[in-house]
Amino acid sequence: MDKVPLCAQCNNRAELSCPDCHVLLYCSSTCASGDASAHELICPAFASPPPKPASEQKHVLSILFPSEDTTPALVWVKIDGFVDEDTGISFQEAETAPFFGRNGDFPEATVTPEALHCERNRVRNRETRSMLEIWSVQESKSPSGGENKCIRSLAAGRDGPFHRFEGPVLVLAMTRPTGFMVDPGAYQDSQLRDFWDALDFVLDYGNDLHTKKIQEALNSLGGGQVEEITTRRAVETSLPAVETSESFEVA
C-alpha cells in the first residue's frame with residue numbers, strides 16, 4: 001500500500017477521490033478528466049467486485065482483458081501452493097488454464113499462456129503498486145487469430161502503434177520478492193491502482209517510438225526522467241489523451 005497516494009496520471013499527491021469506488025486517484029480535475037473514460041469502465045467492478053469463491057483454497061482478485069468483450073473485468077484466480085523439497089521454501093502458482101483453455105476464450109483448443117513481469121510504470125516514472133504478472137498467448141499460438149477487442153478498444157483515440165495481443169490477457173498482482181531463496185513473493189488481490197499500471201503496460205507494450213513523447217508529457221506534469229527498466233522484456237508506455245470529464249471528490 002502506498003504511504004502517500006499518488007495521482008494515477010502523474011506523480012503528484014492524490015487529493016481527489018472517486019465517489020463510487022472511494023479511491024484517492026487524482027491530484028486535480030485536469031488529471032481526472034484525462035482518465036475518466038477508462039475509469040468509468042473499471043470503476044463499477046471495483047466498487048462491487050464479484051463474489052469470492054466459497055473455497056478454502058486461496059483465490060486472488062485479478063484483472064482480465066477479455067478477447068471478445070470491450071470492457072475489462074475482475075475475476076478470481078485460484079492459487080496453488082507447493083514446498084520445494086530441497087530448500088523447504090513455499091512457492092505459489094496461479095491456475096490460469098480456465099482463462100485460456102477449453103473453458104476460456106479459446107474453446108476450440110487448449111493453449112499455454114506465457115507470463116511477463118512488470119515492476120515499474122515508465123509512463124508515470126515510478127514503481128508499480130505491485131509487481132504485475134501479465135499472462136497472454138503469443139500470436140503464433142493463438143488458435144482464434146483474433147486481436148484482443150478489449151485492449152484495442154482501450155487504445156482508441158491514443159497514439160500508436162500498439163502491440164497486437166491475441167486472446168485474453170490476465171493480470172495478477174504480487175508482492176515484491178525480497179530475495180528468491182528467502183521470499184519469492186506472493187499473489188495478492190489487485191487494486192484499482194494495479195489496473196492503471198496494467199493498462200499502461202498493455203497499451204504500449206513493446207513500443208520503442210514514444211520515449212521522447214513520454215518524457216515531454218511527464219515534464220509537463222512535473223515528472224522525472226524516463227529510465228531504462230528491463231524485466232523479461234523492455235516496457236514502453238505512453239500517456240493517454242482522453243478528453244472527457246468526471247466528478248471527483250476532494251479528500
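Residue numbers (UniProt numbering): 1 to 251.
Don't be surprised by glycine CBs; every beta carbon is placed ideally from N, CA and C.
Exercise for the section: State the beta-bridge partners of Glu114 as determined by DSSP. Expected result: Looking at the DSSP assignment, Glu114 forms a beta bridge with Ser136.
Problem - Other residues of its chain near Tyr205: CB distance less than 6 Å, five sequence neighbours each side excluded - result: Excluding positions up to five away in sequence, the list reads His163.
Exercise for the section: In angstroms with no decimal places, state the Cα-to-Cα distance between Pro19 and Asp197. Expected result: Cα-Cα distance, rounded: 21 Å.
Practice task
Would you identify the three-state DSSP class for Lys149, choosing helix, strand or coil?
Solution key: For Lys149, the three-state secondary structure derived from DSSP is helix.
Handout entry: Extent of the continuous alpha helix (DSSP H) to which Leu6 belongs
Key = For Leu6, there is no enclosing alpha helix (DSSP H), since its DSSP letter is neither H nor E.
Handout entry: Distance cut-off 7 Å: Leu16 Cβ against heavy atoms of the ligand ADP
Key = You won't find the ligand ADP in this model; it holds no ligand whatsoever.
Exercise for the section: Work out the CA separation of Glu93 and Ala186 for me, nearest whole Å. Expected result: Rounded to the nearest angstrom, the gap between the Cα atoms of Ala186 and Glu93 is 9 Å.
Handout entry: Anticipated Cβ contact below 8 Å, Cys27 with Glu40, distance rounded
Key = Not confirmed; about 19 Å, so no contact.
Practice task
Excluding the 5 residues preceding and the 5 following Leu132 in the sequence, name in chain order all residues of the same chain whose CB lies nearer than 8 Å to its CB.
Solution key: Counting only Cβ-Cβ distances below 8 Å, and skipping sequence neighbours, we find His117, Cys118, Glu119, Val171, Leu172, Ala173, Met174, Asp194, Asp197, Ala198, Phe201.
Practice task
Going by CA-CA distance only, name the one from Pro50, Thr70, Leu61, Phe99 that's closest to Ser190.
Solution key: With distances taken between Cα atoms, Ser190 lies closest to Leu61.
Handout entry: Pick from Gly146, Arg152, Asn12, Arg158 that is closest to Gly167, judged by C-alpha positions
Key = Gly167 has its Cα closest to that of Gly146, out of Gly146, Arg152, Asn12, Arg158.
Practice task
Select from Leu154, Arg129, Leu192 the residue whose C-alpha is nearest the C-alpha of Arg176.
Solution key: Proximity to Arg176 across Leu154, Arg129, Leu192 peaks at Arg129, based on C-alpha coordinates.
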